[in-house]
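Using the numbering used here, read the sequence shown as starting at 583 and increasing by one per residue.
Where a beta carbon is used, it is the ideal one built from N, C-alpha and C, also for glycine.
What follows is a single structure, written as structure tokens, with notes after it.
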Amino acid sequence: MLSKNQIKLIKSLSQKKGRQQNGSFIVEGIKGISEFLKSDYNLKNLYTTKPIFEAPQDLISGISEVELKKISALKNPNTALAIFEIPEQIKSQDNGLIVALDDVRDPGNLGTIIRLCDWYGIKDLVCSLNTVDCYNTKVVQATMGSLTRVNVQYVDLQDYLESNKTEVFGTFMNGENIYTATLPEQGIIILGNEANGISDAIEAKVNRKITIPQFGTIKETESLNVANATAILLSEFSRRTIEK
Numbered sequence: 583m584l585s586k587n588q589i590k591l592i593k594s595l596s597q598k599k600g601r602q603q604n605g606s607f608i609v610e611g612i613k614g615i616s617e618f619l620k621s622d623y624n625l626k627n628l629y630t631t632k633p634i635f636e637a638p639q640d641l642i643s644g645i646s647e648v649e650l651k652k653i654s655a656l657k658n659p660n661t662a663l664a665i666f667e668i669p670e671q672i673k674s675q676d677n678g679l680i681v682a683l684d685d686v687r688d689p690g691n692l693g694t695i696i697r698l699c700d701w702y703g704i705k706d707l708v709c710s711l712n713t714v715d716c717y718n719t720k721v722v723q724a725t726m727g728s729l730t731r732v733n734v735q736y737v738d739l740q741d742y743l744e745s746n747k748t749e750v751f752g753t754f755m756n757g758e759n760i761y762t763a764t765l766p767e768q769g770i771i772i773l774g775n776e777a778n779g780i781s782d783a784i785e786a787k788v789n790r791k792i793t794i795p796q797f798g799t800i801k802e803t804e805s806l807n808v809a810n811a812t813a814i815l816l817s818e819f820s821r822r823t824i825e826k
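In structure tokens:
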């Protein structure tokens, strides 16, 4: 049976402050937990309604579905909730293709972008300090385990770009057409905030502006969702490597 202190601790991890204080984050559901268990992430506690996980028994606690609902952030909790240790941040390798985010705030967007990076083989995702926390429960849930395979680094993005000699691409409404531009296998692709796009300070560090052209005749849509834009960009950059 869960104690009041256990419940309080688990609920505190839904907030960034609680995660930072405890150095821990939550993963929910069979799929997500299984992905993290087979990764390098360290398990701290696993609460489950079914004995189906391979993990040290002293870290597993059997709980009821009623108890799971008390600690879950989901409307429909799925079998288990696990607490993992937040690892030390690893510096990006600064080679190959890197995605950089300038103050992306929506957890669903970040989670989807991490999953896209995993799909397209992007090893490093560099985030500005104001980008949503990758260990936010909604972000972790949206990654479907991809967080275990993508290195997410939080930096002063302006300083990072100044110290990096790699070609920097920025997504704008008035850039080169992504479908006809010559695209390299190495570089940094920057995507901006959902409402304001790439900030002026970061724009000043961009070497090449690129755009996803709008089709159709009306053209009243202001912009693409940042996660959708990421999918198109990574698809185009990846396609060029196949054609070479």
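Alpha helix (DSSP H) segment containing residue i, residue limits
| i | result |
| --- | --- |
| T719 | 719–725 |
| R697 | 689–701 |
| K829 | The displayed coordinates of the chain run from 583 to 826. Any statement about residue 829 would go beyond what the structure contains. |
| G784 | Reading off the sequence, residue 784 comes out as Ile, not Gly. Per DSSP, I784 belongs to the alpha helix (DSSP H) from 782–785. |
| F618 | 612–619 |
| L679 | Careful: L679 lies outside any alpha helix (DSSP H), inside the beta strand (DSSP E) at 679–684. |
Straight-line Cα distance separating residue j from residue i
| i | j | result |
| --- | --- | --- |
| T753 | I780 | 8 angstroms |
| K620 | L707 | 21 angstroms |
| K613 | K626 | 18 angstroms |
| S805 | P795 | 10 angstroms |
| K829 | G644 | Given that the chain is displayed from residue 583 to residue 826, the structure contains no residue 829 and the question cannot be resolved. |
| V737 | E785 | 16 angstroms |
| F751 | A811 | 13 angstroms |
| V722 | F635 | 19 angstroms |
| T713 | Q602 | 15 angstroms |
| K747 | E758 | 21 angstroms |
| N807 | S585 | 42 angstroms |
| Y717 | V734 | 10 angstroms |
| G727 | I615 | 8 angstroms |
| L650 | T762 | 51 angstroms |
| D622 | A777 | 35 angstroms |
| D640 | I592 | 18 angstroms |
| I749 | V788 | Looking at the sequence shown, residue 749 is not Ile but Glu. Going by the C-alpha atoms only, they are around 8 angstroms apart. |
| G600 | I642 | 22 angstroms |
| R790 | F797 | 22 angstroms |
| D715 | M755 | 27 angstroms |
| S646 | C709 | 38 angstroms |
| A637 | C699 | 28 angstroms |
| I695 | N624 | 24 angstroms |
Status (buried if at least 16 other CB within 10 Å, exposed otherwise) for residue i
| i | result |
| --- | --- |
| D745 | Looking at the sequence shown, residue 745 is not Asp but Ser. Exposed, by the Cβ-count rule. |
| A672 | Residue 672 is actually Ile in this sequence, not Ala. Flag for I672 reads exposed. |
| V648 | exposed |
| N775 | buried |
| R822 | exposed |
| Y629 | buried |
| L595 | buried |
| D782 | exposed |
| L711 | exposed |
| S674 | buried |
CB contact flag (residue i, residue j, <8 angstroms)
| i | j | result |
| --- | --- | --- |
| N691 | A809 | yes |
| N660 | G693 | no |
| T719 | R697 | no |
| L739 | D684 | yes |
| L816 | Y742 | no |
| I792 | I760 | yes |
| E818 | L765 | yes |
| V732 | I770 | no |
| T799 | E617 | no |
Contact with chain C by residue i, beta-carbon distance below 8 angstroms
| i | result |
| --- | --- |
| T730 | You won't find chain C in this structure, because it holds only one protein chain. |
N-terminal and C-terminal residue of the beta strand (DSSP E) that residue i is part of
| i | result |
| --- | --- |
| L663 | 662–667 |
| R790 | 790–793 |
| G644 | 642–644 |
| D706 | 706–710 |
| K626 | 625–630 |
| I771 | 769–774 |
| Q735 | 733–737 |
Three-pair Cβ contact test at 8 angstroms for the segment 601–609 versus the segment 657–670
yes
With a cut-off of 8 angstroms, do at least 3 Cβ pairs link the segment 636–654 to the segment 674–681?
no
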